[in-house]
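What follows is one structure encoded as structure tokens, with my remarks underneath.
2 protein chains.
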Amino acid sequence: HQKGKVGYEILKNMIDAGYEGKIFPVNPKAQPIEGLECYPDLKSIGQTPDLVIVIVPAKLVPAIMQQCADVGTKSVIIITAGFKETGKEGNALEKQVTRIAGKAGIRIIGPNCLGVIAPANKVNASFGGALPAVGSIGYLSQSGALLTAILDMANANDIGFSKLVSIGNKADVDELDVIEALAEDNQTKVIAGYLESITNGNQFVRQAERISHDKPILLIKSGGTDAGAKAASSHTGSLAGAEAAYESAFERAGIFRCSSIKQQFNYAQAFAYQPLAAGARVAVITNAGGPGIMAADAIERQGLTFAKLTEKTITKLSSKLPPAANLYNPVDVLGDALADRYEFALDVVLDDPNVDIIIILLTPQAMTEPAATAEAIVQMTKERPNKPVLTCFLGAGKIKEGVRILRRGNIPQIDAVEGAVETARVMADYARWRSRPKRVVKLFPVNRRKVENIIDRHLRHGTREVAENESKEILEAYGFVTPKGSIATTAEQAAGIAEQLGFPVVLKIWSPDILHKSDVDGVQIGLSGAKAAKDAFDLMMYRIPKKVPNAHILGVLVQEMCRGGREVILGMKRDPHFGPLMMFGMGGTMVEVLKDVSFYLAPLTGEEAKQMLISTKTYKMLKGVRGQEGVDIDAIAEGLQRLSQLVTEFAQIQELDINPYVVGPEGTTPIAVDARISIEQV
Amino acid sequence: HQKGKVGYEILKNMIDAGYEGKIFPVNPKAQPIEGLECYPDLKSIGQTPDLVIVIVPAKLVPAIMQQCADVGTKSVIIITAGFKETGKEGNALEKQVTRIAGKAGIRIIGPNCLGVIAPANKVNASFGGALPAVGSIGYLSQSGALLTAILDMANANDIGFSKLVSIGNKADVDELDVIEALAEDNQTKVIAGYLESITNGNQFVRQAERISHDKPILLIKSGGTDAGAKAASSHTGSLAGAEAAYESAFERAGIFRCSSIKQQFNYAQAFAYQPLAAGARVAVITNAGGPGIMAADAIERQGLTFAKLTEKTITKLSSKLPPAANLYNPVDVLGDALADRYEFALDVVLDDPNVDIIIILLTPQAMTEPAATAEAIVQMTKERPNKPVLTCFLGAGKIKEGVRILRRGNIPQIDAVEGAVETARVMADYARWRSRPKRVVKLFPVNRRKVENIIDRHLRHGTREVAENESKEILEAYGFVTPKGSIATTAEQAAGIAEQLGFPVVLKIWSPDILHKSDVDGVQIGLSGAKAAKDAFDLMMYRIPKKVPNAHILGVLVQEMCRGGREVILGMKRDPHFGPLMMFGMGGTMVEVLKDVSFYLAPLTGEEAKQMLISTKTYKMLKGVRGQEGVDIDAIAEGLQRLSQLVTEFAQIQELDINPYVVGPEGTTPIAVDARISIEQV
């Protein structure tokens, strides 16, 4: 046993943390370590350890796990690396370990992890560094190294934790297990973490949604790549990057996605130690104009509301602040403000019913009293913990003591104006998310059996793309209206169908091998007579085989033309982690150019379907602009909900596009003009 | 004289800074101060001071200025507040002061400022705090308080300055004067600042563009508000927020706009102490996977290129790194990497011709040597200063010594992965900006006289909106083609004109009081016969007066219909600070909904006009998508350049819209279908 070796480090960390239970070092070359008797194996301890921390070479881990099983230990942390992360052999070894554990009912954290820390319990079963302060932030990390940086940062800044868990390879205990445990942990008020992957997306969303109602969840999720999206065949598929599903999942679950550790800890401290915000109205107290303006800019940029102080507040402020002070938001207590002036202003603004969140800015000018001001803020917020108060003391040396007082006094002190406002925004977002209406997913009466038959038939034939006419039958079974039309195999037949439908008509090339018809001039619209229909038919049959010689062409679809309405696109792509991801966007060829689309996970509530529309720029156009009549918004939202029901009920549907979905004015029925559905055996 | 008083503080700061020249305290109640003889007035000194620092009450400042004039001092810093910033009286007092100074040829910094600091000259003529270290960053600030925070932050983090200037009310010396001075200052390598307003926009852009080619300029510009934009009458006006002109001006001048002090100092340190980047290819060296992935994510998000290391590099790396190390970018030297492994990897990657910028990440794991690693990095970059190297040591306590070594060794150490990558992006942007082609503004042969006549006539009549037909004449004089057509005052006349033009035609209501014709159903398109033209005429004449009873209706414009092309909008809004701001965007009613527009300051080069198109999403559509033919991109760019010439040559033109500008396939001539020009006497 040498200093610097991981095994020794962990033992030392356990001892230094002051753990009050018994610690048994185990090592075949049994020598006393740090005054503790050392055992050659687990059995020779003669008792059942509550927790075994494994730090032997990877190949020896299965044997140790067997020992754990033999002595009846149920909790194991495997620090050792060299498993799944190293490739095939390591993966087999990891499977072997989990098999032994599974049989014996042992839960494993790791392997390939940094360990677990529980400051209040004086447990530092890690090699991450010294035991941090006790606090209310629970942290989990898929990167052990990142945790060492976080610990170091936290220890230097008086940031405390309830628990820290390095989940490593997640061979058994995964991110959701830890989040659920932290949810039930009384010491934890906010759950934060760093993740690279999520094991079970669906379950994760469901549980996180429940948990984050009580405890905010703040996650860094790295490793987004668009490589997966490139292989997609549908519009929806090509528009939904790998991150769209994660974004939707986090939004559904009320999880805040953080882009840096710094940002995450700003948020975490605010949620851990401040009351929740009631709304989004922010007041700023400052001793300098410049930072006040910067805060005002940021408040506008972040979409927060600049609080309008009441007359009463203004009058009270004017009673004691100097004449040159700005009594309106931002309240400028002036450069010569001592602690008492800050205290007075905070007292008055805390009382204002128009204020939800307070940000206090301080620059260290000649007369400024950073420490005394910090004391006053800590004292006042302790006495009146009714609204969140964030501080942004700017500088370093001169404000150092003040910052320490704020941190120890549980005031989130953020070292940049933009960061402070961002934190206020997240608090306001959480308030809104918590008070959202209960999710009610409407179920429409549909012809489920019919869809089942079509899908089964296709799967039996090994066909992955549902034929266009049958795609429409599927949609009709779920209450969509599609344009009338039939397939023609001769020009005369095309003219005949067109005459039956009534002019104008649309002709579309009909081939299972041609996905993007307009790319090969396979769509002719607005044909207004029999001759035009015949001509269009013959031209397609002559030209298209030249462009795509290998395409099997079955004929030409002659269809009634939908006129007048706006074209939108409704779509779905099944995400491997989170299931069906719905899409809405501007239709036609514009969709891929303008990328004005929105995504959300199915099943959709009416509210969510509507929100998908509202979050696009297309929405304003659909509502009607400049004298143009709007379209039936609710009809589109209903379409999204029906589609959501379809793809929720049929897990075989992998991708689906209705493009265009033509929508008319209120009261008219939208038409699903073109549809593409691809399926897979599940 | 008391401690804590500003006058005393500044004197003390001057003495403490170790200023080597003579310091003369002046005060009517002459007592020796800090061992220096005190004079009752300037005259009694008996010499001409090079610089006078004024800290008397505002009302006494004019008298002191007169004393300065009398003794022949040419440089004055007025610290005193209570001038323009307090209202009318203060403004008059400030004018009085500048008048005296102007007559005597005295230059003033301030009033209402913190003072001036020049570390290398041991000058601390400020009450901002202790003299900072000597460095290469020149800083100017319109907020004195912010400067105190910056000084405090800099002093605690070993950040040095060449000069610090608090410009206060800018009564005489303004931001541009200071920037020009810093440009000529050999100690200054990068110019940074905080501004709330820019005094002379045009000159600022011209000078800044010249200066930033040699020294990067990094500005925080606060106080953006959209209030001004709300009063605009044109599309361009309503779309160009107050910030659009600033954004364009900064872009033209190569100025980097920063959103926080932290960000600004990250950039400033990189530019001040690292070689310029040759391109945008970034390599990452890390001892942890997690932060490596975070960096890769950020590189993709920020639009940088992930460097592809050469075979030679990979081979060299593999020769000494352990087998588990990742040899590809990000190079993972593993968690147990000591300083020598970092040193080796940096050495190899510095050699790689595919790498422009290197970011080194470090997490403080059990074996990590932050200080020794920092030493190695400093040493190697000193020996081989060929590429910028940024570090991102994560943590706090354990990396403290390492961070200090990096800072003192002139390595920009950034405490967040995202921030480090952002800094790399700005370095890459600067490289691109510097190597941009020389700006050549093409001058088209035009009929300037004709435009002069039209504008003069309108201004003589006091008309601010140029009539539609004359707007078109103006455009024609600058080489635009407009649709043929004439005004009809009867239905029969409308039909007659339509027959002459050939069907289909467009009818538009003709009234100086109706700006948005389609809002009142004042536009009817696609009329394909005489009867349709007559009907449309009569319906407009019957219906529109009911909708806008007070509008003076002159008739109906009968116009040839432009078919087939795409509609875009070209526009201009004259910015009060920066002059004509050109706009390009998607045309028709879509422009205000989708806001897919771009702005740039006139005069435009061909390159810039093209770039305006490319920076919109509309561009892809104009190039042609999904089998649809593209339009003549160069013709649009030429239209923008012609418009830029028009508004540059006629300062009277305040706002201008061509909407729609109908563009056909390559080789066809675009048509300016509708135009609106508003003018003003200048």
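As you go down the protein sequences, you meet chains B and C in turn.
Quick note on this note's numbering: the first sequence kicks off at -14 and runs consecutively.
Quick note on this note's numbering: the second sequence kicks off at -14 and runs consecutively.
Here a beta-carbon is modelled for each residue, glycine too, at the ideal position from N, C-alpha and C.
Contact check, residue i vs residue j, beta carbons under 7 angstroms
i	j	result
GLY320 (chain B)	ALA660 (chain C)	no
TYR585 (chain C)	GLU593 (chain C)	yes
THR603 (chain B)	ASP619 (chain B)	no
ALA141 (chain C)	VAL119 (chain C)	no
ASP26 (chain C)	ARG92 (chain C)	no
LEU365 (chain C)	ALA262 (chain C)	Residue 365 (chain C) is actually Met in this sequence, not Leu. Going by C-beta atoms, MET365 (chain C) is not nearer than 7 angstroms to ALA262 (chain C).
ILE62 (chain B)	ALA139 (chain B)	no
GLN637 (chain C)	ILE439 (chain C)	no
LEU204 (chain C)	GLY186 (chain C)	no
MET525 (chain B)	VAL490 (chain B)	no
Interface partners of residue i on chain C, CB under 9 angstroms
i	result
PHE112 (chain B)	GLN350 and ALA351
THR71 (chain B)	ALA309
Chain C contact for residue i (CB, 7 angstroms cutoff)
i	result
ALA273 (chain B)	yes
ALA322 (chain B)	no
MET208 (chain B)	It is worth fixing the name first, because residue 208 (chain B) is Gly in this sequence and not Met. Chain C, which has a Cβ nearer than 7 angstroms to the Cβ of GLY208 (chain B), makes this yes.
Beta-carbon contacts of residue i that lie in its chain and below 7 angstroms, excluding the five residues immediately before and after
i	result
ILE85 (chain C)	PRO47, MET50, GLN51 and ALA54
PHE9 (chain C)	TYR24, ILE30 and PRO34
SER218 (chain C)	Low per-residue confidence applies at SER218 (chain C): pLDDT is 46, beneath 50, and the placement is therefore not dependable enough to give any value.
LYS493 (chain C)	LYS502, GLY507, VAL508, VAL541, LEU542 and GLN544
THR653 (chain C)	ASP617
ALA216 (chain B)	Bear in mind that a pLDDT of 39 at ALA216 (chain B), under 50, signals an unreliable position, so the number given afterwards is only what the model happens to contain. Around ALA216 (chain B): no qualifying Cβ.
Under 7 angstroms from the C-beta of residue i: neighbouring residues of chain B
i	result
ALA134 (chain C)	THR348, PRO349, LEU379 and GLY380
Close Cβ partners of residue i (< 8 angstroms) along its chain, the five nearest in sequence each way excluded
i	result
PRO201 (chain C)	VAL175, ILE176, GLY239, PHE241, TYR252, PHE256 and TYR415
GLU386 (chain C)	PRO355, ALA356 and ALA359
THR58 (chain B)	LEU27, THR33, PRO34, ASP35, LEU36, VAL37 and ILE91
Residue-level contact to chain B via CB, residue i, 7 angstroms cutoff
i	result
GLU403 (chain C)	yes
MET138 (chain C)	yes
LYS107 (chain C)	no
Contacts of residue i in chain C (Cβ-Cβ under 7 angstroms)
i	result
SER471 (chain B)	Result: empty, since nearest Cβ-Cβ is about 25 angstroms, beyond 7 angstroms.
TYR179 (chain B)	GLY275
LEU204 (chain B)	None at all; the shortest Cβ gap to chain C is about 13 angstroms.
Proximal residues to residue i (C-beta, below 6 angstroms), its chain only, five neighbours per side dropped
i	result
LEU167 (chain B)	GLY123, THR173 and ILE176
ARG357 (chain B)	Looking at the sequence itself, residue 357 (chain B) is Ala, so the reference to Arg does not match. ALA324, listed in sequence order.
Contact set between residue i and chain B, taken where Cβ atoms lie within less than 8 angstroms
i	result
TYR527 (chain C)	In chain order: nothing, as chain B lies at least about 17 angstroms away.
ASN142 (chain C)	ALA381
ALA130 (chain C)	ASN272, ALA273, GLY274, GLY275, PRO276, GLY320, THR348 and GLN350
ASP581 (chain C)	LEU579
7 angstroms Cβ cutoff, residue i in contact with chain A
i	result
ARG92 (chain B)	Of the protein chains in this structure, namely B and C, none is chain A.
Notebook entry, point to check: Name the residues in the segment 277 to 293 of chain B whose C-beta lies less than 7 angstroms from a C-beta of chain C; which are they?
Noted result: ILE278, MET279 and ASP282
Item checked: Where the segment 36 to 51 of chain C meets chain B: residues whose CB sits under 9 angstroms from a CB there -> none
Next item on the list: Note down, in chain order, all residues in the segment 242 to 258 of chain C with a beta-carbon under 9 angstroms from any beta-carbon belonging to chain B.
Entry: SER244, SER245, ILE246, LYS247 and GLN248
Check: Going along the segment 626 to 654 of chain C in order, which residues come within less than 7 angstroms of chain B, judged by CB to CB distance?
Finding: none
Checklist line | Within 8 angstroms of chain B by C-beta, residues of the segment 291 to 315 of chain C in sequence order | finding: ALA309
Check: Which of the residues in the segment 361 to 395 of chain C, read from start to end, lie with their CB under 9 angstroms from any CB of chain B?
Finding: PHE378, LEU379, GLY380, ALA381, GLY382, LYS383, ILE384 and LYS385
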